[in-house]
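Take a look at the structure set out below.
Residue numbers (full-length UniProt numbering): 1 to 207.
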């Protein structure tokens, strides 16, 4: 069974200790190879996590939705091995490694919150790996449910190519599944934008 992530981690009380930053659509939040100095909390928007091969080929690893962390691997203040790019206008809070260590001394309960958030993220990445055991429809359903449930309007905010990269499917397969869903009234396609009309279908498919 695939886990659908709806758990909320209450970072709101600690956001005042972070640095608020705004990134426009397609803007890079941090880049692979750059030295890191902390981590980010996504408050609003949508961010994709990608890696780039030596040949310059980009591979999308994950989609980050609000209330999730990104860039935690750079708490050791070494180089990022991924890049984070805003899919839509996004607001993040940056916590530097040094300030976060001091903050955990003042607020020891923050360590538990951080640990739970990181474990939660690891489970999401594990499900990303476990997608290989699912059908093409289930792979897309898991991804779209996890992304769109957060935004309530059920607009699919990423391209067919991104859906293909994130699920490991070919773009043709993604197109065929979306076309089938359109014909069944599960999604609506309008000017290259996709809207989920029957979210319960996705929930049942991943359950």
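Glycine is no exception: its CB is placed at the ideal position from the N, C-alpha and C atoms.
On a predicted model such as this, the values are computed, not experimentally measured, just so you know.
| query | result |
| --- | --- |
| CB-CB length for residue 157 against residue 78, believed under 8 angstroms | With a Cβ gap of about 31 angstroms, residue 157 and residue 78 do not count as contacting. |
| Counterpart residues of residue 110 in DSSP-defined beta bridges | According to DSSP, residue 110 bridges with nothing at all. |
| Residues bridged to residue 56 (per DSSP) | Residue 56 pairs with nothing; no bridge assigned. |
| Buried versus exposed, by CB contacts within 10 Å (16 or more), residue 28 | exposed |
| Residue 106 versus residue 25: straight-line alpha-carbon distance, rounded | 35 angstroms |
| Rounded Cβ spacing between residue 18 and residue 93 (contact assumed at less than 8 angstroms) | 3 angstroms |
| Inter-residue Cα distance where the pair is residue 84 and residue 180 | 32 angstroms |
| Contacting residues, own chain, Cβ-Cβ under 7 angstroms from residue 193 (five flanking each side not counted) | 155 |
| Residue interval of the alpha helix (DSSP H) (run including residue 86) | Premise fails: residue 86 lies in the beta strand (DSSP E), 83-96, not in any alpha helix (DSSP H). |
| Where the alpha helix (DSSP H) through residue 20 begins and ends | Note, residue 20: premise wrong, no alpha helix (DSSP H); beta strand (DSSP E) at 19-23. |
| DSSP state of residue 65 mapped onto helix, strand, coil | coil |
| Three-state class that DSSP yields for residue 154 in the structure shown | coil |
| Cβ-Cβ separation, residue 39 to residue 95 (assumed contact under 8 angstroms), whole Å | 6 angstroms |
| Same chain, Cβ closer than 6 angstroms to residue 12, five either side skipped, listed in chain order | none |
| Residue 137, DSSP secondary structure in three states | helix |
| Exposure of residue 48, with buried meaning 16 or more beta-carbon neighbours within 10 Å | buried |
| Candidates 201, 90, 64, of which the one nearest residue 118 by Cα | 64 |
| Residues sharing a beta bridge with residue 30, DSSP | 84 |
| C-alpha gap between residue 190 and residue 172, whole angstroms | 19 angstroms |
| Closest by C-alpha distance to residue 35, when choosing among 75, 10, 61 | 75 |
| Simplified DSSP state of residue 192, which is helix, strand or coil | coil |
| Cβ-based neighbour list, residue 51, same chain, cut-off 8 angstroms, excluding 5 preceding and 5 following | 32, 58, 59, 61, 81, 82, 83 |
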